[in-house]
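Each residue of the sequence shown is one higher than the last, beginning at 905 in the working numbering.
Glycine included, C-beta positions come from ideal geometry on N, C-alpha and C.
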Amino acid sequence: MRLTKHEHATLRLDESGDTLIIDPGTFTTPLDALTGVVGVVLTHEHPDHWTPEQLDRILRDAPGIPIFAPAGVAAATDDHEITVVSPGDAVTAGRFTMRFFGGDHAVIHSSLPRVQNVGVLVNDQLYYPGDSYAVPEGVEVDTLAAPLGAPWLKIGEAMDFVLAVRPRRAFGVHDMTLSVIGRNMHRQRLQWATQQHGGEFFELDPGDTLDL
């Protein structure tokens, strides 16, 4: 399975001609001319993780594919059919099996409503928590997509999350709110956390790939 990192929170996974897209949001360059897409995962309803325009571009080339997301996303759109998923669910699309964890978005501030959020484990290899520190209990994570920067993120908590997951490999996502200096500093902190249990950290920029 090959992973491609796009801007911010968007990931593309390719396996034997099938493609899965995760969190195509507003900070991500438009996803055009995709082939072989069999499904989309949206971890939660915030626009940096999905937009109607991004979904429409994907669906033009892959009409009728399932869009997996929590109930909050389904409530936020009248134009797209959402397959609602919750923590504990397992679904398949093409050559991909997805298991969902967590349930809640990390707290930004007490004045802001908390929304639903699911972390997703793909093919028992890649775990992406969305906007949360949800640890997939009982799972030995091969590769972790670890958030680097956000209004809700404190780097010490992000480090503790990586230490708790103990991935064999990790790389940073959710990074478009950071300056270049800030991104590199946060990468160094998560690299340290990954290495504490013998893991390897990869610095992936948009367009970079990693074979899982």
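| Which residues share a DSSP beta bridge with Gln958? | The residue labelled residue 958 in the question sits at position 54 within the sequence shown. Gln958 pairs with nothing; no bridge assigned.
| Would you call the CB atoms of Thr1113 and Leu907 closer than 8 Å? | One-based indexing of the sequence shown puts residue 1113 at position 209. One-based indexing of the sequence shown puts residue 907 at position 3. Yes, they are a contact pair.
| Considering Thr1001, what are the terminal residues of the beta strand (DSSP E) in which it resides? | Locating residue 1001 in the sequence shown gives position 97, where the first residue counts as 1. Counting along the chain, the beta strand (DSSP E) containing Thr1001 begins and ends at 1000-1008.
| message | Check this for me: beta carbons of Val1077 and Ala913, under 8 Å apart or not? | response | As a first step, residue 1077 must be located in the sequence shown, where it is residue number 173. As a first step, residue 913 must be located in the sequence shown, where it is residue number 9. Yes, the pair counts as a contact, with Cβ atoms nearer than the cut-off.
| message | Taking the alpha carbon of Ala1068 as the reference point, which residue from Gln1095, His1101, Ile969, Thr947 has its own alpha carbon closest? | response | Numbered from 1 along the sequence shown, position 164 holds the residue referred to as residue 1068. That would be His1101, whose Cα lies nearest to the Cα of Ala1068.
| request: Could you say which of Asp982, Asp1008, Asp983, Arg999 lies nearest to Val989 if we only look at CA atoms? | output: Here residue 989 is taken as the residue at index 85 of the sequence shown, counted from 1. Nearest of Asp982, Asp1008, Asp983, Arg999 to Val989, Cα basis: Asp1008.
| request: Please list, in chain order, all residues of the same chain as Phe1005 whose beta carbon is under 6 Å from its beta carbon, the five residues on each side excluded. | output: Sequence index remark: in the sequence shown, residue 1005 carries index 101 (1-based). Taken in chain order, the residues that qualify are Pro991, Gly1023, Ala1038, Pro1040.
| message | Tell me the residue span of the beta strand (DSSP E) that contains Val995. | response | One-based indexing of the sequence shown puts residue 995 at position 91. First-last of the beta strand (DSSP E) with Val995: 994-997.
| message | By the three-class DSSP mapping on this structure, what secondary structure does Gly943 have? | response | Within the sequence shown, residue 943 is the residue found at index 39, counting from 1. In this structure, Gly943 counts as strand in the three-state DSSP scheme.
| query | Terminal residues of the continuous alpha helix (DSSP H) containing Arg1093? | reply | Reading the sequence shown from its first residue, position 189 is the one you call residue 1093. Unbroken alpha helix (DSSP H) run through Arg1093: 1084-1099.
| Closest by C-alpha distance to Val1066, when choosing among Gln1092, Asp960, Thr1081 | Indexing the sequence shown from 1 puts residue 1066 at position 162. Of the listed residues, the one whose Cα sits closest to Val1066 is Gln1092.
| query | Between the stretch 1082-1091 and the stretch 978-989, do three or more beta carbon pairs fall short of 8 Å? | reply | no
| Distance, Cα to Cα, Val942 vs Thr932? | Here residue 942 refers to the residue found at position 38 when the sequence shown is read from its first residue. Here residue 932 refers to the residue found at position 28 when the sequence shown is read from its first residue. Roughly 20 Å separates the two Cα atoms.
| query | Sorted by chain position, which residues of the same chain lie with C-beta nearer than 8 Å to Gln1029's C-beta, five sequence neighbours on each side aside? | reply | Here residue 1029 corresponds to residue number 125 of the sequence shown, with the count starting at 1. Correct list, in chain order: Met905, Asp1046, Thr1047, Leu1116.
| said: Could you compute how far the alpha carbon of Asp952 sits from the alpha carbon of Arg1018? | reply: Translated into the one-based positions of the sequence shown, residue 952 becomes position 48. Translated into the one-based positions of the sequence shown, residue 1018 becomes position 114. So the two alpha carbons sit approximately 16 Å from each other.
| field | Per-residue burial, Arg964 [other beta carbons within 10 Å of its own, 16 or more giving buried] | value | Locating residue 964 in the sequence shown gives position 60, where the first residue counts as 1. It counts as exposed.
| said: In this structure, how does DSSP classify Ala1054 when only helix, strand and coil are distinguished? | reply: Walking along the sequence shown from the start, residue 1054 turns up at place 150. Ala1054: coil per DSSP, three-state reduction.
| task | Measure from the alpha carbon of Gly1053 to the alpha carbon of each residue in Asp1035, Phe1105, Pro967, then state which is nearest. | result | As a position in the sequence shown, residue 1053 is number 149, starting the count at 1. Checked all of Asp1035, Phe1105, Pro967; the closest Cα to Gly1053 is Asp1035.
| Between the C-alpha atoms of Ile971 and Glu911, what's the straight-line distance to the nearest angstrom? | Numbered from 1 along the sequence shown, position 67 holds the residue referred to as residue 971. Numbered from 1 along the sequence shown, position 7 holds the residue referred to as residue 911. Rounded to the nearest angstrom, the two C-alpha atoms are 20 Å apart.
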